[in-house]
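S.K.: Below is one structure. I have some questions about it.
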Amino acid sequence: MQRRWYTAGALIASFAMLATACTSGTGGTAGGGGTSKGEIIIASDQPTSGGDASDGLPAQNGIQFAVESAGSIKGFKLTFKGWDDTVNGNHNPEKGAQNIQEMIADAKILGMIGPNNSNVARAMIPIANRASFTMISAANTNECLTQTFPYCEADTGTTPAKLRPNGVNNYFRVAAADTFQGPAAADFIVDTLKITKVAVWSDNETFGKGVADKFTTEFTKKGGTVVVRQDFDTKTTNDWKPFLTDAKNKGALAVYAGATSGTKICIPRAQMKGILDAPYMVPDGGVNSQCIKDAADNGANLYGTVAAADANQNPDAKATIDAFKAKFTKKEDIGSYTFPAMDCANILIDAIGRAIDANGGNMPSREQVRAAVAATKSFKGTTGTYTFDANGDPTSPTMAIFQTKGSPLDWVFVKQFGVGG
Amino acid sequence: MVGSLRQARIAFVGAPIGRLVNLLVILAVGYAIFILATKIFAQGPSYFLQILTFGVANGAIYALVALGYTMVYGIIELINFAHGDLFTLGGFISVFLLPIFGLDASKAGTAGIILPLIAVFIVTMLICGAINVTIERVAYRPLRHAPRLAPLITAIGMSFVLEGVMFLWKGPFNVPYPNLLPTTGIVIGGATIGVKDIFVIVVAAVLMIVLALFVSRSTLGKAMRATAQDQDATELMGIDINRTIAATFFIGAVLAGAGGTIFGLYYNTMVFDLGFSAGLFAFTAAVFGGIGNIQGAALGGLLIGLITALWDGYMESTWTQVIIFGILILVLVFRPTGLLGMRVPEK
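Going down the list, the protein sequences come from chains P and X. 264 is the number that numbering that gives the first Met the number 0 gives to position 265 of the first sequence; each next residue is one higher, with no gaps. 175 is the number that numbering that gives the first Met the number 0 gives to position 176 of the second sequence; each next residue is one higher, with no gaps.
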């Protein structure tokens with residue numbers, strides 16, 4: 000009997016999700032420039048309403064700003080249209096798949112920027128690939144989206160080749176893959192913070208567990224010891240105090256968390272108060288304003304990695320940043336991936352321009368746009384100079400490290416460095 | 000229903016395959032407990048005491064929520080799935096009330112918080128009670144004589160409605176709850192028993208004792224027990240059943256409201272869909288202790304809190320839920336009525 004009740008509950012839940020999923024994408028439109036030849040739409044897909052909105056909205060702002068600033072390209076009017084991949088407060092791969100189908104159905108859309116989350120990208124790439132539809136992501140970091148490793152099939156259920164059924168790459172990103180992010184945090188803790196004993200936890204999701212595992216491998220390789228390692232189901236876990244007490248007893252001098260804001264990444268930070276007074280380090284899913292809020296009165300001394308360069312360190316980007324801040328005035332309008340996402344949009348617009356030229360000044364095909372993006376060479380963006388390799392990865396990815404400081408607390412740039420390439 | 004369940008169980012346990020399965024489950028749980036015990040010895044008594052404190056505090060919150068499930072089930076045999084969300088709503092209402100009563104982080108840990116906090120507790124509990132009575136009147140009472148599945152689905156629907164309201168109210172993010180209680184504690188045997196831990200345990204214990212006295216001593220409590228046993232006979236005795244059932248919903252919600260406030264004060268964070276998982280665990284606690292049984296719900300909540308803390312503290316957290324539900328299955332196989340026995344009429 001009880002089982003039947005749960006089945007009934009599950010049915011109701013799935014109907015509710017379906018109902019939410021049926022609401023259509025939102026977004027603004029903008030005009031400007033010489034627009035006699037028609038309209039080209041740049042789409043975006045971000046989690047703009049859920050637990051990850053603290054990352055998704057700032058990224059969408061960057062894309063919208065790029066499109067509206069350009070206004071037009073070679074006689075075509077440029078318009079921005081944003082989709083939200085959130086269902087029931089969380090980013091949702093199925094919603095992402097539905098969104099990209101809607102984008103593909105609109106002939107004016109020549110490419111999209113996004114998504115924010117790697118598991119959403121995994122659902123979107125094959126659909127876009129069949130339509131030669133270009134995707135450029137600022138924030139996807141899962142390495143198996145672009146690179147083939149022996150563990151990809153087991154860990155993510157798919158491989159880059161399977162994600163691209165027509166055999167030609169349509170997916171590009173400017174973010175550094177997770178093969179760099181976990182190790183970068185490990186190097187920082189050992190080399191800069193001079194700490195060799197840490198406790199590690201993850202949310203047991205693809206991203207969180209992956210980055211925590213890679214952190215552990217590098218940390219151990221550098222001679223450090225992971226004294227406690229736990230993976231939590233964050234939907235049902237409220238209490239990290241047993242884990243933190245265990246960490247303290249075993250001599251941990253720092254804690255590394257593999258999770259995102261949507262999976263309570265900085266809630267344990269608040270609970271560390273009175274138990275373990277030590278630095279807390281997070282991957283890019285935690286470098287946002289929500290994390291500082293969740294850490295409550297224990298928000299100082301947080302460290303985080305971001306898989307892209309900080310635009311503020313680039314003197315050439317100052318005018319763009321000022322113009323952006325004049326338009327988006329609130330502090331939470333800007334996030335770690337605002338400027339990388341803006342660069343993605345500008346790379347796409349630049350490629351569309353070249354594709355229009357290649358097509359004799361006419362509306363290019365999606366395949367022409369895809370080929371033009373793949374051919375991008377040394378594109379100067381606010382966060383760096385981008386060239387894509389055959390996999391769609393940037394040839395010289397950058398990793399930046401931030402720390403919470405000041406009053407009111409905010410993420411402050413510590414350093415950045417090139418990785419791989 | 001219980002009788003036929005018992006027969007089915009006896010038949011299963013008696014069969015060779017049933018014996019084998021039982022043996023395997025007992026061996027697995029025995030092995031897990033053995034590993035846990037060796038780790039407890041290895042890590043020393045002060046750490047054990049610390050984990051025990053967290054477990055009891057956690058369990059006290061589960062117990063408060065479990066009481067609402069068990070009381071409603073005991074009286075009208077409805078699993079009120081919306082109860083977990085009412086618990087969350089209690090937290091949301093209290094976080095809204097705090098500034099109205101002049102409480103903010105600047106007063107944290109001072110004696111000045113005591114009276115306003117009591118006021119916040121009382122108002123939150125009353126509002127939650129009123130909401131639950133309304134829910135009962137609007138959504139459950141018209142379905143009281145409908146087939147059992149109808150009110151159950153309505154309860155799931157109410158759960159989504161409440162979650163939706165909280166989503167619209169506070170958004171999808173974690174809602175910060177001001178850290179008002181002192182963060183100090185007393186050190187006993189190397190373990191720090193925080194003021195927060197003591198607060199949770201004491202408030203929950205007081206509420207549960209008051210509830211137990213109320214149900215066993217007061218006239219309304221007697222009416223509740225009578226209604227649980229036989230509605231028709233109770234009505235013939237001149238007791239207003241509608242009023243008695245409404246009172247049960249009111250008291251359940253009062254405890255949930257207190258639970259939500261305690262949760263906020265203890266963890267300093269709430270989120271709109273917290274009630275789904277908290278409710279599931281509390282419901283499990285109620286079944287664990289014997290559904291319909293008030294002492295059972297308290298014991299069940301305490302056990303789930305303890306198992307969670309011990310497993311998180313000593314073993315792999317990934318398996319915590321597997322262990323909780325594994326033990327639940329084991330308890331139900333050997334005692335289908337839960338640890339302290341069901342208190343519902345056999346039908």
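Just so you know, even glycine gets a beta-carbon here, dropped at the ideal spot from N, CA and C. The model shown is predicted, which means the values in this text are computed figures rather than measured ones.
What ranges does the beta strand (DSSP E) occupy inside the stretch 250-280 of chain X, keeping only unbroken runs of at least 3 residues that lie completely in it?
M.R.: Whole beta strand (DSSP E) segments, 3+ residues: zero.
S.K.: Please confirm if residue 136 (chain P) has its CB atom under 9 angstroms from at least one CB of chain X.
M.R.: Taking the first sequence and counting its residues from 1, one reaches residue 136 (chain P) at position 137. It does not: the Cβ of residue 136 (chain P) has no partner Cβ on chain X nearer than 9 angstroms.
S.K.: Residues in the same chain with beta-carbon distance under 7 angstroms from residue 166 (chain X), minus the five sequence neighbours each way, listed in chain order, please.
M.R.: Residue mapping note: residue 166 (chain X) aligns to position 167 of the second sequence, counting from 1. 271.
S.K.: Tell me, please, which residues DSSP counts as bridged to residue 168 (chain X).
M.R.: The residue labelled residue 168 (chain X) in the question sits at position 169 within the second sequence. Partner(s): none; residue 168 (chain X) has no beta bridge.
S.K.: Tell me whether residue 77 (chain P) sits in a helix, a strand or coil according to DSSP, three-state version.
M.R.: Counting from one through the first sequence, the residue named residue 77 (chain P) turns up at place 78. Strand at residue 77 (chain P).
S.K.: Could you have a look at residue 138 (chain P) and say whether DSSP puts it in helix, strand or coil?
M.R.: What you label residue 138 (chain P) is simply residue 139 of the first sequence in a count that begins at 1. Residue 138 (chain P) falls in the coil class under three-state DSSP.
S.K.: I'd like to know whether the C-beta of residue 256 (chain P) is nearer than 9 angstroms to at least one C-beta of chain X.
M.R.: Reading the first sequence from its first residue, position 257 is the one you call residue 256 (chain P). No, its Cβ sits nowhere closer than 9 angstroms to a Cβ of chain X.
S.K.: If contact is defined by three or more beta carbon pairs under 8 angstroms, each pair taking one atom from either stretch, is the stretch 285-296 of chain X in contact with the stretch 83-94 of chain X?
M.R.: As far as the Cβ criterion goes, the stretch 83-94 of chain X does not touch the stretch 285-296 of chain X, which means the pair count is below three.
S.K.: Is the CB of residue 146 (chain X) under 9 angstroms away from at least one CB in chain P?
M.R.: By one-based count along the second sequence, residue 146 (chain X) stands at place 147. Answer no: the Cβ-Cβ gap between residue 146 (chain X) and chain P never drops below 9 angstroms.
S.K.: If we cut at 9 angstroms on Cβ distances, does residue 53 (chain X) have a partner in chain P?
M.R.: If you number the second sequence from 1, residue 53 (chain X) lands on position 54. Closer than 9 angstroms: yes.
S.K.: Within 10 angstroms of its Cβ, does residue 407 (chain P) collect 16 or more other Cβ (buried), or is it exposed?
M.R.: On the first sequence, residue 407 (chain P) is found 408 positions in, with the first residue counted as 1. Result: exposed.
S.K.: Skipping 5 residues on each side, what residues in its chain have a beta carbon closer than 6 angstroms to that of residue 155 (chain X)?
M.R.: Numbered from its first residue, the second sequence carries residue 155 (chain X) at position 156. Here the set comprises 80.
S.K.: Quick one: what does DSSP say residue 106 (chain X) is sitting in, helix, strand or coil?
M.R.: Counted from its first residue, the second sequence places residue 106 (chain X) at position 107. Helix, per DSSP.
S.K.: Step through the CB atoms of chain P and report whether any lies within less than 9 angstroms of the CB of residue 325 (chain X).
M.R.: Walking along the second sequence from the start, residue 325 (chain X) turns up at place 326. So, not an interface residue.
S.K.: Using a Cβ cut-off of 9 angstroms (strictly closer), state whether residue 50 (chain X) contacts chain P.
M.R.: The residue given as residue 50 (chain X) occupies position 51 in the second sequence. Cβ-Cβ to chain P under 9 angstroms: yes for residue 50 (chain X).
S.K.: For residue 334 (chain P), count the other beta carbons within 10 Å of its own beta carbon; 16 or more makes it buried, fewer makes it exposed. Which is it?
M.R.: Stepping through the first sequence from its first residue, residue 334 (chain P) is reached at position 335. Classification for residue 334 (chain P): buried.
S.K.: Using a Cβ-Cβ cut-off of 9 angstroms, state whether residue 283 (chain P) counts as contacting chain X.
M.R.: Counting from one through the first sequence, the residue named residue 283 (chain P) turns up at place 284. False, the Cβ-Cβ gap to chain X never drops below 9 angstroms.
S.K.: Taking 9 angstroms as the cut-off, decide whether the C-beta atoms of residue 205 (chain P) and residue 117 (chain P) are in contact.
M.R.: Residue mapping note: residue 205 (chain P) aligns to position 206 of the first sequence, counting from 1. Residue mapping note: residue 117 (chain P) aligns to position 118 of the first sequence, counting from 1. Taking 9 angstroms as the Cβ cut-off, residue 205 (chain P) and residue 117 (chain P) qualify as a contacting pair.
S.K.: With H, G and I counted as helix, E and B as strand and the rest as coil, what does DSSP make of residue 359 (chain X)?
M.R.: Beyond the ends of chain X as shown, which are 0 and 346, falls residue 359 (chain X); an answer cannot be given.
S.K.: Residue 178 (chain X) versus chain P: which residues are under 7 angstroms apart at the beta carbon?
M.R.: The residue labelled residue 178 (chain X) in the question sits at position 179 within the second sequence. Ordered by position in chain P, the residues that pass the 7 angstroms Cβ test against residue 178 (chain X) are 295, 296.
S.K.: Only counting runs of 4 or more residues, tell me where the alpha helix (DSSP H) segments fall wholly within the stretch 52-102 of chain X, in order along the chain.
M.R.: Here the runs fully enclosed are 82-99.
S.K.: Need the endpoints of the alpha helix (DSSP H) that residue 280 (chain P) sits in, please.
M.R.: Residue mapping note: residue 280 (chain P) aligns to position 281 of the first sequence, counting from 1. It is not in any alpha helix (DSSP H) - residue 280 (chain P) instead sits in the beta strand (DSSP E) that spans 279-281.
S.K.: State the Cα-Cα distance for the pair residue 38 (chain P) and residue 47 (chain P), rounded to the nearest angstrom.
M.R.: By 1-based counting over the first sequence, the position of residue 38 (chain P) is 39. By 1-based counting over the first sequence, the position of residue 47 (chain P) is 48. Each residue's Cα considered, the two are about 25 angstroms apart.
S.K.: Could you give the distance in angstroms between the alpha-carbon of residue 312 (chain P) and the alpha-carbon of residue 400 (chain P)?
M.R.: Within the first sequence, residue 312 (chain P) is the residue found at index 313, counting from 1. Within the first sequence, residue 400 (chain P) is the residue found at index 401, counting from 1. Approximately 12 angstroms between the Cα atoms of the pair.
S.K.: Could you tell me whether the Cβ of residue 358 (chain X) comes closer than 9 angstroms to any Cβ of chain P?
M.R.: In the structure as shown, chain X begins at 0 and stops at 346. Residue 358 (chain X) is therefore absent and cannot be evaluated.
S.K.: Residues of chain X with a CB under 8 angstroms from the CB of residue 45 (chain P): which are they?
M.R.: Walking along the first sequence from the start, residue 45 (chain P) turns up at place 46. Per Cβ cutoff of 8 angstroms: no residues; residue 45 (chain P) is ~14 angstroms from chain X at best.
S.K.: Anyone know if the C-beta pair for residue 301 (chain X) and residue 83 (chain X) falls short of 9 angstroms?
M.R.: Position 302 of the second sequence holds residue 301 (chain X). Position 84 of the second sequence holds residue 83 (chain X). No.
S.K.: Going by other Cβ atoms of all chains shown within 10 Å of its Cβ, with 16 needed for buried, is residue 128 (chain P) buried or exposed?
M.R.: In the first sequence, counting from the first residue as 1, residue 128 (chain P) sits at position 129. Residue 128 (chain P) should be labelled buried.
S.K.: Quick check on the DSSP output: what are the complete beta strand (DSSP E) runs of length 3 or more inside the stretch 143-217 of chain P, in order along the chain?
M.R.: Qualifying beta strand (DSSP E) stretches, in chain order: 170-172, 196-201.
S.K.: Would you kindly work out how many angstroms separate the C-alpha atoms of residue 109 (chain X) and residue 127 (chain X), rounded to a whole number?
M.R.: Mapped onto the second sequence, residue 109 (chain X) falls at position 110. Mapped onto the second sequence, residue 127 (chain X) falls at position 128. One C-alpha to the other measures close to 27 angstroms.
S.K.: Are the beta-carbon atoms belonging to residue 335 (chain X) and residue 267 (chain X) less than 9 angstroms from one another?
M.R.: In the second sequence, residue 335 (chain X) corresponds to position 336, counting from 1. In the second sequence, residue 267 (chain X) corresponds to position 268, counting from 1. No, the pair does not count as a contact, with Cβ atoms beyond the cut-off.
S.K.: Could you check whether the Cβ of residue 319 (chain X) sits closer than 9 angstroms to any Cβ belonging to chain P?
M.R.: Residue numbering aside, residue 319 (chain X) sits at position 320 when the second sequence is read from its first letter. Answer yes: the Cβ-Cβ gap between residue 319 (chain X) and chain P drops below 9 angstroms somewhere.
S.K.: Straight-line CA distance for residue 319 (chain X) to residue 232 (chain P)?
M.R.: Taking the first residue of the second sequence as position 1, residue 319 (chain X) is located at position 320. Taking the first residue of the first sequence as position 1, residue 232 (chain P) is located at position 233. Taking the straight line from one Cα to the other gives about 9 angstroms.
S.K.: Classify residue 91 (chain P): buried if its beta carbon has 16 or more other beta carbons within 10 angstroms, exposed otherwise.
M.R.: Counting from 1 along the first sequence, the entry for residue 91 (chain P) is found at position 92. With 16 or more other Cβ atoms within 10 Å, it is buried.
S.K.: Please state whether DSSP places residue 418 (chain P) in a helix, a strand or coil.
M.R.: Position 419 of the first sequence, counting from 1, holds the residue named residue 418 (chain P). Correct three-state label for residue 418 (chain P): coil.
S.K.: At least one CB of chain P closer than 9 angstroms to the CB of residue 105 (chain X): is that the case?
M.R.: Mapped onto the second sequence, residue 105 (chain X) falls at position 106. For residue 105 (chain X), the answer is no, since every Cβ of chain P falls outside 9 angstroms of its Cβ.
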